[in-house]
Amino acid sequence: MTNARLSIGEFSRLTWLSPKALRLYERRGLLLPDAVDEYTGYRYYVRSQADRARTITLLRRVGMPLERIGAVLAATGAQRRELLADYRLETVRAHERALALLDGLAEDPTAHTQGGGQQPVDLAVSIRETPERPFVARTVRTTAADLPAHIERCAAALSQRAGSAVDTSQPLVVVYHGEVSWESDGPVEIRIPVVSAADADEVEAAGTEVVVDVPYAEVQFPTILRAFDAVRTAAARGSRVPEGSPREIYLDGDPFRCQVAQRFRPGNAQDRSPRTSPS
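The sequence shown maps to residues 1319 to 1597 in our numbering.
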């Protein structure tokens, strides 16, 4: 009886997964039916698939994206444990940032806002020269909700493509070429640094940028927006002219550090043009 085929309704009752969820997992290749009737299109499952279905349910319950669930299901042994440990660490850090943000709001409800049109406060802006930077890149359109998954997926693919040419001494850079919000899916460019122009898709020229260190609790949307506001304001101050698009810079560490930067050049006020960022 353990190999007897179950209809999608029967399997749904066995696993507590709705038929809609089962169809989604089938489309994503996570849980394929044991058989599909070629005439009616009815899906059939077997009881031995219930453990896989429950694993998917548990991983979804802790918020793991479907793409990462697929990787976990495909892995075994030490590799699976490593994937789960990586996601656990990311989840803990995200929770810590959320707690830090809530603690800050409890102490001062206006600490992370810009009410009344005031300029961002408490973020120290500095200026630095940047060297020529060769990189490989991929541009995607994404909303704020899907941004972390896109960054992770693109960074992994780019690192694999670049191989030994990846310059591990330089940071990951995410450049915002359009508006990114809960509703807007602007173009975002993910850049992985490489050691030479011969290995690069492009080479960014040396230049000057304003930069802020983002407080750990604010490395998330929408609180990170005040860092973008700070560099946007600083890059347009006096005779400065913003140049190119704003970017996030991710520095290795435990926990990681994030900076937001905006390039600029000397110029006249009439030369200025508006730039985009997450908003």
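Glycine included, every Cβ here is placed at the ideal spot set by N, Cα and C.
Here DSSP, grouped into helix, strand and coil, assigns residue 1503 to strand. When secondary structure is reduced to three states using DSSP, residue 1348 falls in the coil class, being assigned neither helix nor strand. In this structure, the straight-line span from the alpha carbon of residue 1527 to that of residue 1406 is close to 35 Å. Fully enclosed alpha helix (DSSP H) runs of no fewer than 4 residues occupy 1465-1480 of the stretch 1448-1486, in order along the chain. Shown here, residue 1444 sits in a strand according to DSSP, grouped into three states. The beta carbon of residue 1461 sits closer than 8 Å to those of 1498, 1499, 1500, 1501, 1502, 1503, all from its chain and outside the five residues before and after it, given in chain order.
Under DSSP, residue 1324 shares a beta bridge with 1363.
In this structure, residue 1453 sits near residue 1520, with a CB-CB distance shorter than 8 Å. In this structure, the CA atom of residue 1485 is about 10 Å from the CA atom of residue 1477. Looking only at 1385, 1580, 1381, the smallest Cα-Cα distance to residue 1410 is reached by 1381. Under DSSP, the beta-bridge partners assigned to residue 1531 are 1577. For residue 1549, the enclosing alpha helix (DSSP H) begins and ends at 1543-1553. When the five nearest sequence neighbours on each side are left out, the beta carbons in the same chain lying within less than 7 Å of the beta carbon of residue 1480 are those of 1454, 1510, 1512, 1517, in order along the chain.
With three or more CB-CB distances shorter than 8 Å, the stretch 1320-1329 counts as touching the stretch 1360-1376. Straight-line measurement puts the Cα of residue 1463 at about 8 Å from the Cα of residue 1539. Assigned with DSSP and collapsed to three states, residue 1525 falls in strand.
In this structure, the straight-line span from the alpha carbon of residue 1396 to that of residue 1385 is close to 19 Å. Taking the C-beta atoms as reference points, residue 1408 is found no nearer than 8 Å to residue 1457. Rounded to the nearest whole angstrom, the C-alpha separation of residue 1332 and residue 1366 is 11 Å. If you draw a straight line from the Cα of residue 1575 to the Cα of residue 1584, it comes to about 29 Å. According to DSSP, residue 1539 shares a beta bridge with no other residue.
Separation of residue 1544 and residue 1357 (C-alpha to C-alpha, rounded to the nearest whole angstrom) is 58 Å. Nearest to residue 1383 by alpha-carbon distance, out of 1419, 1465, 1329, is 1465. Shown here for residue 1505: same chain residues with a beta carbon closer than 6 Å to its own, the five before and five after excluded, namely 1457, 1459, 1495, 1496 in chain order. Between residue 1532 and residue 1444, the C-beta gap is not smaller than 8 Å, which leaves the two residues out of contact. Per DSSP, reduced to three states, the secondary structure at residue 1357 is coil, with no helix or strand assignment.
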